[in-house]
Amino acid sequence: MAADSAHASQKSQDEETRRDFLYLVATAMGAVGAGAFAWPLVNSMNPSADVLALASTEVDLTPIEVGQSLTVVWRGKPVFIRHRTEAEITEAAGVSLDELPDQEADSDRVVKPEWLIVGGNCTHLGCVPLGQKTGDEKGEFGGWFCPCHGSHYDTSGRIRKGPAPENLPVPPVEFLDDNTIKIG
Amino acid sequence: MSEHLKTNNAVIKWIDHRLPVFSMMNETMIDYPAPKNLNYWWNFGSLAGLALVVMIVTGIVLAMQYTAHVDYAFNSVERIMRDVNGGWLVRYIHMNMASFFFIAVFIHMFRGLYYGSYKAPREILWMLGVVILLLMMATAFMGYVLPWGQMSFWGATVITNLFSAFPLIGESIVTWLWGGFSVDNPTLNRFFALHYLLPFVIVGVVAVHLWALHRFGSNNPLGIEAKGPQDKIPFHPYYTVKDAFGVGVFLLAFSGFLFFAPNFMGHPDNYIPANPLVTPAHIVPEWYFLPFYAILRSIPDKLMGVLAMFASIGILFILPWLDRSPVRSAKFRPVYKWFFWLFFANCLLLGWVGQEAAEGLPLLLGRLATAYYFIHFLVILPLLGVMERPKPLPVSISEPVLKGGGALAGAAAKPMEKA
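So the protein lines, in turn, are chains A and B. Counting in the numbering used here, the first sequence runs from 56 upward without gaps. Counting in the numbering used here, the second sequence runs from 435 upward without gaps.
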């Protein structure tokens, strides 16, 4: 049945020949070959094994006193670790979700409330916000202030005011023991 | 010209009217009339072109991972081999395709020698080819220095020291080439810059090479000009298919080396980091330089050896005027044909001598083969042009195929008469 109809259609349209079929198959084969050659070249630009091997960072929290902050490097970018005071924890937990542009509860952003660990690049265009050092401007909400385009983050690293669309991201964090974390 | 472009696509027509790229592609790759009797030896031009493209594409990707500094170069290459995704594949393609590029180009050149493709009116076409060969040799040499292994370092030292042979200015030239008093970081940096640049210069010369080629079209196995359209066929589909088939065979042989013996044509010493204090016991260049290296070593004088080596390529520039025979193809030159094969065997012998230690029998054979190399060009070719009695040439490309076949000849009778 199928063979018959194929035969009939070949007769009705005399442009379709075995040569057209070969032409298509040969071109397709060439395209597959070019793709097979292109893929390793493209893939070689993805992160290499030595880069992936640096994709986790361990941090000893012991020297960080309450109220102090530490910036560590994870995947080439800063991560903010803040040993929050009781006041900061209360403030972060007390905010109603309706007030937040990017609604997220503080409890969803920390493993232990006294340790806030967030990515240190503004979600607007990637600058590093101020607020880690004692003398830094911390913005209107006591967290961080990005000097590039004026984004204000609160004590949970959530965006409160300014052009940034999202909260400072929370990286994957695991407590190896009470005072050691693994980021990534 | 553009009236030959057959398309109903309005966008293509609009663009082509303003920038006739489609017409040009049509004229050079589709409708381009080529002699209808080209054999498989004519595949190697397009294969060399393919090799050039593969080298540039893989080279750009490798350059993204490579560090041109004496302290990091070797390790950055090892990182490519071990850590970069598919880096081993990209580097082995680049390494082995370099050899296959030379294989294709050497066969392409011997084909030109056998069929007299360098003769009028294709002298400039041939000379541009020799320029491409020189650029390739410079590029390959500098590329071999980049991994900064023992062979890289000592190859660079030996080859740059060639220039010290020139009296008075030699030492200054070498210091200038090195950017210091030995092959060191400045040398590596400039070699990397030039290794990246020269392939694009090659692309430019290839474009001019093709321009010159398309002026009179390809030579052919009979070595006689096409007498008219009946002697030619359109490039597409006849030669696109033939070239594509050649590419398949070429890549099959290439894959054999790539996947089963990727270091066959390399030297283990280059996997030892460069050490300016120790020279490897046996240093040899890559195989494609061996015949020229043999010529260099067979002359006992430093300056003369260097000059002889450069002359062995330089002499190709004046080949069209050394071979005075009006007949192109060796098919109709009963004596030249034998001398061609003798010359070919002599080149292989030089290659063998080049990788042996320069003493005893290899040294003697190298001296004889070097002498014969130049005798071939300077004595045999000019004499043959006068003394050889060529066989009668066919009237046209079609004639040897069609003569005697009554029915076929009848069909082609009209164009034959025109010819």
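Where is the CB? At the ideal position from N, CA and C, for every residue including glycine.
What is the rounded straight-line gap between the Cα of residue i and the Cα of residue j?
i, j, result
"Gln789 of chain B", "Val640 of chain B", "31 Å"
"Glu557 of chain B", "Gly483 of chain B", "20 Å"
"Thr126 of chain A", "Pro118 of chain A", "13 Å"
"Asp105 of chain A", "Gly493 of chain B", "21 Å"
"Ser395 of chain B", "Ala708 of chain B", "With chain B covering only 435 through 853, there is no way to say anything about residue 395 of chain B."
"Lys848 of chain B", "Met463 of chain B", "Only weak support exists for where Lys848 of chain B lies, its pLDDT of 43 falling under 50; the value from the coordinates is given anyway. Near 28 Å, if we compare the C-alpha coordinates of Met463 of chain B and Lys848 of chain B."
"Ile603 of chain B", "Val504 of chain B", "28 Å"
"Ala627 of chain B", "Gln584 of chain B", "21 Å"
"Gly520 of chain B", "Asn530 of chain B", "16 Å"
"Leu685 of chain B", "Trp560 of chain B", "26 Å"
"Asp209 of chain A", "Val165 of chain A", "14 Å"
"Ala742 of chain B", "Pro601 of chain B", "16 Å"
"Pro826 of chain B", "Arg767 of chain B", "10 Å"
"Pro168 of chain A", "His138 of chain A", "9 Å"
"Thr713 of chain B", "His701 of chain B", "14 Å"
"Asn222 of chain A", "Pro156 of chain A", "9 Å"
"Leu496 of chain B", "Pro620 of chain B", "20 Å"
"Gly739 of chain B", "Leu567 of chain B", "20 Å"
"Asn477 of chain B", "Ala660 of chain B", "19 Å"
"Ser746 of chain B", "Phe808 of chain B", "7 Å"
"Ser457 of chain B", "Lys440 of chain B", "9 Å"
"Ala538 of chain B", "Ile172 of chain A", "60 Å"
"Pro663 of chain B", "Phe778 of chain B", "35 Å"
"Val617 of chain B", "Pro710 of chain B", "8 Å"
"Pro454 of chain B", "Asn443 of chain B", "14 Å"
"Pro121 of chain A", "Thr140 of chain A", "The sequence given here places Val at residue 121 of chain A; Pro does not occur at that position. If I take the Cα positions, the gap works out to 6 Å."
"His542 of chain B", "Gly131 of chain A", "51 Å"
"Pro696 of chain B", "Tyr526 of chain B", "6 Å"
"Trp522 of chain B", "Met515 of chain B", "4 Å"
"Thr674 of chain B", "Arg452 of chain B", "28 Å"
"Glu605 of chain B", "Phe597 of chain B", "8 Å"
"Leu799 of chain B", "Asn780 of chain B", "10 Å"
"Thr74 of chain A", "Ile717 of chain B", "The question names Thr, yet the displayed sequence has Arg at residue 74 of chain A. Those two C-alpha atoms are separated by around 54 Å."
"Met435 of chain B", "Asn460 of chain B", "Model confidence at Met435 of chain B stands at a pLDDT of 40, short of 50, so the residue's coordinates are unreliable; what they give is reported in the following sentence. Straight-line Cα distance between these residues: approximately 10 Å."
Whose Cβ in chain A lies nearer than 8 Å to the Cβ of residue i?
i, result
"Asp703 of chain B", "Neighbours of Asp703 of chain B on chain A: none; closest Cβ ~26 Å, over 8 Å."
"Thr492 of chain B", "Leu96"
"Arg513 of chain B", "Ser103 and Asp105"
"Val495 of chain B", "Leu96, Ser99 and Met100"
Answer yes or no: do residue i and residue j have a C-beta to C-beta separation smaller than 8 Å?
i, j, result
"Ala219 of chain A", "Ser206 of chain A", "yes"
"Asn654 of chain B", "Pro469 of chain B", "yes"
"His528 of chain B", "Met576 of chain B", "no"
"Phe625 of chain B", "Val579 of chain B", "yes"
"Val134 of chain A", "Gly175 of chain A", "yes"
"Val524 of chain B", "Pro95 of chain A", "yes"
"Ile238 of chain A", "Val228 of chain A", "yes"
"Asp465 of chain B", "Pro668 of chain B", "yes"
"Ala532 of chain B", "Leu622 of chain B", "no"
"Pro816 of chain B", "Arg731 of chain B", "no"
"Leu547 of chain B", "Phe774 of chain B", "yes"
"Met570 of chain B", "Ile658 of chain B", "no"
"Leu656 of chain B", "Ile490 of chain B", "no"
"Tyr552 of chain B", "Pro754 of chain B", "yes"
For residue i, return the contacting residues in chain A, with the cut-off set at a CB-CB distance below 7 Å.
i, result
"Val896 of chain B", "In the structure as shown, chain B begins at 435 and stops at 853. Residue 896 of chain B is therefore absent and cannot be evaluated."
"Leu523 of chain B", "Pro95"
Below 8 Å on the Cβ atoms is my guess for residue i versus residue j; work out the distance and round it to an integer in Å.
i, j, result
"Ala572 of chain B", "Leu481 of chain B", "Actually they do not touch by this definition, with Cβ atoms about 21 Å apart."
"Glu146 of chain A", "Gly197 of chain A", "7 Å"
"Leu818 of chain B", "Val769 of chain B", "6 Å"
Between which two residues does the beta strand (DSSP E) holding residue i run?
i, result
"Gly197 of chain A", "Gly197 to Cys201"
"Glu229 of chain A", "Val228 to Asp232"
"Lys216 of chain A", "Ile214 to Lys216"
"Tyr208 of chain A", "Ser206 to Asp209"
"Thr112 of chain A", "Thr112 to Asp115"
"Pro467 of chain B", "Pro467 to Pro469"
At a CB-CB cut-off below 9 Å, which residues of chain A make contact with residue i?
i, result
"Met498 of chain B", "Ser99 and Met100"
Taking the continuous alpha helix (DSSP H) assigned at residue i, which residues delimit it?
i, result
"Leu782 of chain B", "Pro768 to Gly788"
"Gly546 of chain B", "Gly521 to Tyr548"
"Lys676 of chain B", "Phe669 to Phe694"
"Ala108 of chain A", "Careful: Ala108 of chain A lies outside any alpha helix (DSSP H) and carries neither H nor E."
"Trp129 of chain A", "From DSSP, Trp129 of chain A is part of no alpha helix (DSSP H) but of the beta strand (DSSP E) over Ser124 to Trp129."
"Trp645 of chain B", "Asn619 to Phe650"
"Gly174 of chain A", "Premise fails: Gly174 of chain A lies in the beta strand (DSSP E), Trp170 to Gly174, not in any alpha helix (DSSP H)."
Give a yes or no on whether the minimum CB-CB distance between residue i and chain C is below 8 Å.
i, result
"Arg139 of chain A", "No chain C is present in this structure, whose protein chains are A and B."
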